[in-house]
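*Asks:*
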Amino acid sequence: MSDYDSQGIEAKWQKVWEETGAFHADMDPARPKYYVLEMLPYPSGTLHMGHMRNYTIGDVIARYKRMRGFNVLHPIGWDSFGLPAENAAIKNNIPPREWTNSNIAQMKAVCKRFGFSYDWRREISTCEPEYYRWNQWFFLRMFERGLAYRKRSKVNWCPQCQTVLANEQVVDGCCWRHETTSVESKELEQWFLKITAYSDALLDDMNDLVGGWPDRVLTMQQNWIGKSRGARVRFDVAQMPEKSIDVFTTRVDTIYGASAVILAPDHPLLPALFAGIPGRAAMEAEWNRLRQRKLRAAELATAEKEGFFAGRFAVNPFSGETLPIWVANFVLAEYGTGAVMCVPAHDQRDYEFAEKYGLPMKVVVQPLDAAPLAADRMRQASTEYGRLVASGPYAGLTSEEALAKMTADAAAKQFGKAETTYRLKDWGISRQRYWGTPIPIVYCKKCGAVPVPDKELPVRLPLSIELTGMGQSPLANVPEFVNAKCSKCGGPARRETDTMDTFVDSSWYFYRYTDARNEKAPFDSKVVRYWFPIDRYIGGIEHAILHLIYSRFFTKVMRDLGMIEHREPVKRLFSQGMVLKDSRAMSKSHGNVVGAIDMAHKYGCDTARVYTLFAAPPEKDLEWSEQGIEGCSRFLNKVYRVVSRHAGRLRGVRAMTPGEVDLATASAKEKILLRRAHQTLKRVTNDFELRWHFNTSVALIMELVNELQAQEPLEEGMRPEVLKKVFHMLALMLAPMAPHLAAELWEMLGNSGSLMDATWPAYREELAKEEQFEVVIQINGRVRSKILVEDGLGEDEVVDRARHDPRIAPLIDGKRVVKTVVVPRKLVNLVLR
RNA sequence: GCGGAAGUGGCGGAAUUGGCAGACGCGCCAGCCUUAGGAGCUGGUGGCCGAAAGGCCGUGUGGGUUCAACUCCCUCCUUCCGCACCA
Numbered sequence: 115m116s117d118y119d120s121q122g123i124e125a126k127w128q129k130v131w132e133e134t135g136a137f138h139a140d141m142d143p144a145r146p147k148y149y150v151l152e153m154l155p156y157p158s159g160t161l162h163m164g165h166m167r168n169y170t171i172g173d174v175i176a177r178y179k180r181m182r183g184f185n186v187l188h189p190i191g192w193d194s195f196g197l198p199a200e201n202a203a204i205k206n207n208i209p210p211r212e213w214t215n216s217n218i219a220q221m222k223a224v225c226k227r228f229g230f231s232y233d234w235r236r237e238i239s240t241c242e243p244e245y246y247r248w249n250q251w252f253f254l255r256m257f258e259r260g261l262a263y264r265k266r267s268k269v270n271w272c273p274q275c276q277t278v279l280a281n282e283q284v285v286d287g288c289c290w291r292h293e294t295t296s297v298e299s300k301e302l303e304q305w306f307l308k309i310t311a312y313s314d315a316l317l318d319d320m321n322d323l324v325g326g327w328p329d330r331v332l333t334m335q336q337n338w339i340g341k342s343r344g345a346r347v348r349f350d351v352a353q354m355p356e357k358s359i360d361v362f363t364t365r366v367d368t369i370y371g372a373s374a375v376i377l378a379p380d381h382p383l384l385p386a387l388f389a390g391i392p393g394r395a396a397m398e399a400e401w402n403r404l405r406q407r408k409l410r411a412a413e414l415a416t417a418e419k420e421g422f423f424a425g426r427f428a429v430n431p432f433s434g435e436t437l438p439i440w441v442a443n444f445v446l447a448e449y450g451t452g453a454v455m456c457v458p459a460h461d462q463r464d465y466e467f468a469e470k471y472g473l474p475m476k477v478v479v480q481p482l483d484a485a486p487l488a489a490d491r492m493r494q495a496s497t498e499y500g501r502l503v504a505s506g507p508y509a510g511l512t513s514e515e516a517l518a519k520m521t522a523d524a525a526a527k528q529f530g531k532a533e534t535t536y537r538l539k540d541w542g543i544s545r546q547r548y549w550g551t552p553i554p555i556v557y558c559k560k561c562g563a564v565p566v567p568d569k570e571l572p573v574r575l576p577l578s579i580e581l582t583g584m585g586q587s588p589l590a591n592v593p594e595f596v597n598a599k600c601s602k603c604g605g606p607a608r609r610e611t612d613t614m615d616t617f618v619d620s621s622w623y624f625y626r627y628t629d630a631r632n633e634k635a636p637f638d639s640k641v642v643r644y645w646f647p648i649d650r651y652i653g654g655i656e657h658a659i660l661h662l663i664y665s666r667f668f669t670k671v672m673r674d675l676g677m678i679e680h681r682e683p684v685k686r687l688f689s690q691g692m693v694l695k696d697s698r699a700m701s702k703s704h705g706n707v708v709g710a711i712d713m714a715h716k717y718g719c720d721t722a723r724v725y726t727l728f729a730a731p732p733e734k735d736l737e738w739s740e741q742g743i744e745g746c747s748r749f750l751n752k753v754y755r756v757v758s759r760h761a762g763r764l765r766g767v768r769a770m771t772p773g774e775v776d777l778a779t780a781s782a783k784e785k786i787l788l789r790r791a792h793q794t795l796k797r798v799t800n801d802f803e804l805r806w807h808f809n810t811s812v813a814l815i816m817e818l819v820n821e822l823q824a825q826e827p828l829e830e831g832m833r834p835e836v837l838k839k840v841f842h843m844l845a846l847m848l849a850p851m852a853p854h855l856a857a858e859l860w861e862m863l864g865n866s867g868s869l870m871d872a873t874w875p876a877y878r879e880e881l882a883k884e885e886q887f888e889v890v891i892q893i894n895g896r897v898r899s900k901i902l903v904e905d906g907l908g909e910d911e912v913v914d915r916a917r918h919d920p921r922i923a924p925l926i927d928g929k930r931v932v933k934t935v936v937v938p939r940k941l942v943n944l945v946l947r
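In case it helps, the numbering used here puts the first sequence at residues 115 to 947.
1) Could you give the residue range of the beta strand (DSSP E) that holds I439?
2) Identify which residue in V671, T873 and I652 has its Cα closest to the Cα of L691.
3) Kindly indicate which residue of A923, E885 and F887 has the alpha-carbon position closest to the one of R898.
4) How many angstroms separate the CA atom of K300 from the CA atom of M153?
5) With 16 as the cutoff for other CB atoms within 10 Å, does Q546 come out buried or exposed?
6) Give every residue of the same chain whose Cβ lies closer than 8 Å to the Cβ of F388, excluding the five residues on either side of it in the sequence, and list them in chain order.
7) What would DSSP say about Q128, mapped onto helix, strand or coil?
8) Whole alpha helix (DSSP H) runs in the segment 134–161 with 4 or more residues, listed along the chain?
9) To the nearest angstrom, how far is it from the Cα of P474 to the Cα of S373?
10) Under a three-way DSSP split, which group does A411 fall into?
11) Span of the alpha helix (DSSP H) holding A761?
12) Helix, strand or coil for P382, going by three-state DSSP, please let me know.
13) Using DSSP with H/G/I as helix, E/B as strand and the rest coil, what is E515?
14) Could you tell me the alpha carbon to alpha carbon distance between A412 and A658, rounded to whole angstroms?
15) Between the alpha carbons of K205 and P198, how many angstroms are there, rounded?
16) Give me, in chain order, the residues of the same chain whose beta-carbon lies closer than 7 Å to that of E466; leave out the 5 immediate sequence neighbours on both sides.
17) Our contact map puts V753 next to K838 with C-beta atoms below 8 Å; I'd like the distance itself, whole angstroms only.
18) Quick one: what's Q825 bridged to in DSSP?
19) From I901, A882 and G773, pick the residue whose C-alpha is nearest to that of T794; which is it?
20) Taking C-alpha atoms, which residue in K179, K640, L946 and E212 lies nearest to F195?
21) Put Q546 into one of helix, strand or coil per three-state DSSP.
22) My output table needs one value for D720: the three-state DSSP class, helix, strand or coil.
23) By DSSP, does E904 sit in helix, in strand, or in coil?
24) Can you tell me the Cα-Cα spacing of Y156 and Q304, whole angstroms?
25) Could you say if the segment 708–715 and the segment 675–682 meet the contact criterion of at least three C-beta pairs nearer than 8 Å?
26) Is it true that the segment 519–533 meets the segment 335–354, where meeting means three or more beta-carbon pairs spaced less than 8 Å apart?
27) Note the first and the last residue of the continuous alpha helix (DSSP H) segment covering T934.
28) Does the distance from the CB of L694 to the CB of A761 come in under 8 Å?
29) DSSP puts D360 in a beta bridge; with which residues?
30) CB L736 to CB T726, shorter than 8 Å?
31) Checking the sheet assignment: what are the DSSP bridge partners for M614?
32) May I have the straight-line CA-CA distance separating L660 from Q335, to the nearest angstrom?
33) Strictly by DSSP, which residues pair up with P606?
34) Looking at the unbroken beta strand (DSSP E) that takes in Q892, where does it start and where does it end?
35) For A852 and I123, what's the separation of their Cα atoms in angstroms?
36) Evaluate A202 with the Cβ neighbour count: other Cβ atoms within 10 Å of its Cβ, from every protein chain shown; 16 or more gives buried, anything less gives exposed.
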């Protein structure tokens with residue numbers, strides 16, 4: 115008997131799978147499909163156990179579903195555009211494509227070393243023109259529909275890098291590479307995708323995702339979209355007949371309590387207001403101070419509210435009251451109208467501001483079922499709905515009634531209207547970067563921004579190029595790229611030199627997997643109809659907003675283009691926990707990375723896989739423990755030893771089918787093992803189908819193996835065909851989690867066919883059933899004794915035995931049992947007074 | 001501040017529907033085997049009292065519902081994550 119040689123076994127079966135195309139899946143309308151996907155990885159070059167946990171979870175499900183007869187699509191690819199390739203290129207003087215492809219090759223080798231059951235024929239890499247041409251194609255379709263447009267917009271600019279930063283690259287107001295350099299704001303022409311056209315669809319269709327997506331992801335998306343219903347109300351500026359200020363409010367019912375109108379420091383009307391005002395110079399100094407002061411995000415909410423009187427007045431259109439116009443730092447230019455009405459009694463921010471600057475406070479909404487409010491006794495704003503007072507003709511209405519009536523009246527009198535605002539902004543996709551998808555637009559002096567015709571796609575990214583990391587997009591320095599021809603007038607044109615945000619690449623990649631080599635279209639709708647939606651999408655919570663909202667947006671656009679029929683791409687989203695080392699997420703910068711390939715070499719990939727499954731349920735963070743993985747290594751060794759010890763004897767024997775098992779004639783040992791095997795199978799099946807708690811599945815299989823070991827010598831009192839059946843069940847249950855070892859055991863037991871073709875076994879209830887149950891006897895809810903009871907014994911009989919139990923009888927002697935609770939097969943509780 | 005998740009032995013975690021808290025694994029202790037063990041096997045391992053039988057306590061805190069609560073309800077505390085002056 116030889117030892118468990120994980121390296122040899124794993125290499126052997128990986129070769130077999132590769133040669134037989136074991137994981138290839140093609141559309142087959144006759145079979146039910148299952149699409150399981152892990153989020154598109156960025157090819158950074160290294161794979162650590164955090165990545166492997168993600169892929170292992172997906173692989174376990176893919177392999178299990180195959181055993182259940184599903185046609186399983188399980189693809190992988192690379193999110194291969196992006197800034198790190200450019201930075202590496204600058205630092206090491208390697209072309210980005212070379213750097214990227216060598217990383218991909220390394221990572222692919224690690225994935226293969228872990229035996230993940232990917233259909234490699236469908237592999238994609240987003241930096242290849244065969245892929246990114248379809249990014250361009252989608253951009254053009256959106257351009258045609260007005261969903262891609264160009265406008266001037268503020269961008270983040272790092273003066274040290276001399277380049278634009280994505281929002282994600284701004285950390286606490288500073289450049290991610292220069293942590294002490296404040297990011298500046300700069301105006302540039304940018305391309306945007308009109309995701310806001312789908313705000314309501316993105317929000318409403320979330321109803322279909324409830325139950326399938328984690329609540330917190332849905333909540334985060336809902337907050338991100340930030341829909342808010344209210345009213346826009348126009349305040350005229352006193353003595354400036356042609357000027358007015360629009361205010362957005364969700365509480366128009368409190369408008370009689372307004373004591374000022376407050377503008378954001380960047381409000382466009384301010385220069386006009388200041389014109390011709392006495393004391394203007396001092397005011398502008400104050401104004402500049404507020405505008406200059408950049409706050410870090412974390413400070414914003416707690417920062418001291420500051421402002422000043424702008425020297426002008428506005429007229430409350432409901433009351434006719436004249437209100438001072440102020441400017442304050444807490445009003446955001448980007449949200450709503452950039453101006454608010456200040457109602458100190460009914461808004462906490464306004465309360466704080468009014469208190470500091472001595473603005474009057476007026477209660478206009480009284481609570482319905484609490485003591486009436488008095489302005490001079492309030493310590494904070496009251497934001498509850500209630501009944502209106504001191505509100506002219508609206509006094510006496512409830513807030514709900516007033517909201518409707520006042521909004522309608524404002525519309526009728528043409529100084530306001532109902533309005534819904536969103537926090538969601540259009541998606542700026544222009545990046546002044548080289549390593550990304552070229553935006554398929556040329557600029558012609560005569561015709562303006564002109565789309566590149568479909569037949570000229572792809573607009574190829576030039577590959578030999580000098581990168582400095584400074585200034586504008588490096589593409590601007592490549593004349594062969596920049597100089598183009600206008601497709602409208604044929605005249606000379608300048609090509610767009612910005613590239614697309616890489617989130618565009620990952621917004622639709624999972625459609626491409628279904629038809630990855632299609633040269634005529636992004637995909638064939640027929641094929642997508644078969645495979646979609648994704649049944650299980652597995653990834654980290656860090657993508658809860660960006661990727662998962664962008665890809666929902668793309669799906670909706672594709673639906674409007676008539677390419678697909680479904681509304682949502684992902685039926686069920688699973689967000690797995692991180693792998694931690696020393697309580698921190700694994701990362702190069704923390705220096706706490708546990709390399710996947712190192713684990714495969716040291717223990718074998720089956721052990722590494724089993725450990726990541728066993729150490730914690732998949733949705734929880736997992737603290738890496740070298741001792742923990744040792745334990746799993748011991749377990750797989752034990753499995754191998756137990757089976758191989760008997761395999762020779764069992765090779766030629768036919769495994770007994772469950773139907774042939776006759777419990778009446780089975781030996782005690784056979785009964786124990788059959789029962790344990792079927793109980794294990796029942797609970798593992800349940801874990802796989804309903805709970806996804808693979809940690810308990812592993813624990814159950816460990817118990818089965820412990821039982822096998824406890825029954826040694828197994829050949830005594832055990833028919834070989836029964837033992838073989840138990841071993842089969844063991845191998846099949848291990849197959850999704852430790853596939854190489856399982857395949858080896860399967861072969862050792864003399865099976866000629868591949869384990870890949872085996873189906874998940876069915877447990878037999880009558881074999882899983884115990885003949886006896888341990889019943890707990892409680893007195894007043896406290897355990898006092900335990901008895902063994904045969905299955906099928908009547909309730910009265912069980913209670914009778916409980917009362918006569920030698921430990922129980924003296925305790926109830928002479929006492930009155932006022933109540934008896936019986937839970938069949940579990941417990942008897944005798945309640946004494 | 002708002003929203004979400006979670007608090008169980010020395011550690012990771014289990015308890016599927018309100019029914020024996022601590023499965024399984026790690027670590028630790030003892031023993032067997034061994035020339036040897038960072039191999040393998042067997043047993044023990046929440047705390048307190050007790051020689052033992054057994055008893056009491058115990059799932060972040062305090063209360064409640066129940067024959068019975070890690071589980072349900074209320075209070076408070078702590079940690080992690082997300083959002084962050086969104087009018």
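The beta carbon of each residue, even a glycine, is placed where N, CA and C say it ideally should be.
Remember, predicted model here, so these are calculated numbers, not experimental data.
*Replies:* In short, the structure shows the following:
1) Working through the first sequence from its first residue, we reach residue 439 at position 325. It spans T436 to A442 - the beta strand (DSSP E) in which I439 sits, taken as one unbroken run.
2) Indexing the first sequence from 1 puts residue 691 at position 577. Note that residue 691 corresponds to Gly in the displayed sequence, not to Leu. Minimum Cα distance to G691 is reached at I652.
3) As a first step, residue 898 is located in the first sequence; it is residue number 784 there, counting from the start. The shortest Cα separation from R898 among A923, E885 and F887 belongs to A923.
4) The count along the first sequence starts at 1 and reaches residue 300 at position 186. The count along the first sequence starts at 1 and reaches residue 153 at position 39. The alpha-carbon atoms of K300 and M153 are separated by roughly 33 Å.
5) Start at 1 with the first residue of the first sequence, and residue 546 comes out as number 432. By the neighbour-count rule (16 or more Cβ atoms within 10 Å), Q546 is buried.
6) As a position in the first sequence, residue 388 is number 274, starting the count at 1. Only R394, M397, E398, W401, A424 and G425 meet the Cβ criterion.
7) Within the first sequence, residue 128 is the residue found at index 14, counting from 1. DSSP places Q128 in helix when its eight states are reduced to three.
8) none
9) As a first step, residue 474 is located in the first sequence; it is residue number 360 there, counting from the start. As a first step, residue 373 is located in the first sequence; it is residue number 259 there, counting from the start. Near 6 Å, if we compare the C-alpha coordinates of S373 and P474.
10) By 1-based counting over the first sequence, the position of residue 411 is 297. Reliability fails at A411, whose pLDDT of 48 lies under 50, so the model's placement of it is uncertain and no value is given.
11) For this step, residue 761 is matched to residue 647 along the first sequence. Run containing A761: E740 to L764, per the alpha helix (DSSP H) assignment.
12) By one-based count along the first sequence, residue 382 stands at place 268. Reduced to three states, the DSSP call for P382 is coil.
13) Against the first sequence, residue 515 aligns to sequence position 401. Three-state result, E515: helix.
14) The sequence position of residue 412 within the first sequence is 298, counting from 1. The sequence position of residue 658 within the first sequence is 544, counting from 1. Its pLDDT being 47, under 50, A412 is placed unreliably in this model, and the value from its coordinates should be taken loosely. About 20 Å.
15) Residue mapping note: residue 205 aligns to position 91 of the first sequence, counting from 1. Residue mapping note: residue 198 aligns to position 84 of the first sequence, counting from 1. K205 and P198: Cα-Cα distance of roughly 10 Å.
16) By 1-based counting over the first sequence, the position of residue 466 is 352. Within the same chain, E466 has close Cβ partners K419.
17) For the purposes of this step, residue 753 is taken as residue 639 along the first sequence, with counting starting at 1. For the purposes of this step, residue 838 is taken as residue 724 along the first sequence, with counting starting at 1. The Cβ separation is near 15 Å, so there is no contact.
18) One-based indexing of the first sequence puts residue 825 at position 711. Looking at the DSSP assignment, Q825 forms no beta bridge with any residue, so it has no partner.
19) To locate residue 794, count along the first sequence from 1; it is residue 680. The shortest Cα separation from T794 among I901, A882 and G773 belongs to A882.
20) Locating residue 195 in the first sequence gives position 81, where the first residue counts as 1. Here the closest residue by C-alpha is E212.
21) Mapped onto the first sequence, residue 546 falls at position 432. Reduced to three states, the DSSP call for Q546 is coil.
22) Stepping through the first sequence from its first residue, residue 720 is reached at position 606. In the structure shown, D720 sits in a helix (DSSP, three-state: H, G or I).
23) Counting from one through the first sequence, the residue named residue 904 turns up at place 790. Three-state result, E904: strand.
24) Position 42 of the first sequence, counted from the first residue, corresponds to residue 156. Position 190 of the first sequence, counted from the first residue, corresponds to residue 304. Each residue's alpha carbon lies about 25 Å from the other.
25) no
26) yes
27) For the purposes of this step, residue 934 is taken as residue 820 along the first sequence, with counting starting at 1. Segment V931 to V937 is the beta strand (DSSP E) holding T934; no alpha helix (DSSP H) there.
28) Mapped onto the first sequence, residue 694 falls at position 580. Mapped onto the first sequence, residue 761 falls at position 647. Their beta carbons are not under 8 Å apart, which means L694 does not touch A761 by this criterion.
29) Looking up residue 360 in the first sequence gives position 246. According to DSSP, which records beta bridges pairwise, D360 is partnered with R348.
30) Here the question's residue 736 lines up with position 622 in the first sequence. Here the question's residue 726 lines up with position 612 in the first sequence. Contact: yes.
31) Working through the first sequence from its first residue, we reach residue 614 at position 500. Its beta-bridge partners are S544.
32) The residue labelled residue 660 in the question sits at position 546 within the first sequence. The residue labelled residue 335 in the question sits at position 221 within the first sequence. Cα to Cα, L660 sits roughly 9 Å from Q335.
33) Residue 606 sits at position 492 when you count from the first residue of the first sequence. Looking at the DSSP assignment, P606 forms a beta bridge with K599.
34) Counted from its first residue, the first sequence places residue 892 at position 778. It spans Q886 to I893 - the beta strand (DSSP E) in which Q892 sits, taken as one unbroken run.
35) By one-based count along the first sequence, residue 852 stands at place 738. By one-based count along the first sequence, residue 123 stands at place 9. Distance between the alpha carbons of A852 and I123 is about 11 Å.
36) The count along the first sequence starts at 1 and reaches residue 202 at position 88. Buried: at least 16 other Cβ atoms inside 10 Å.
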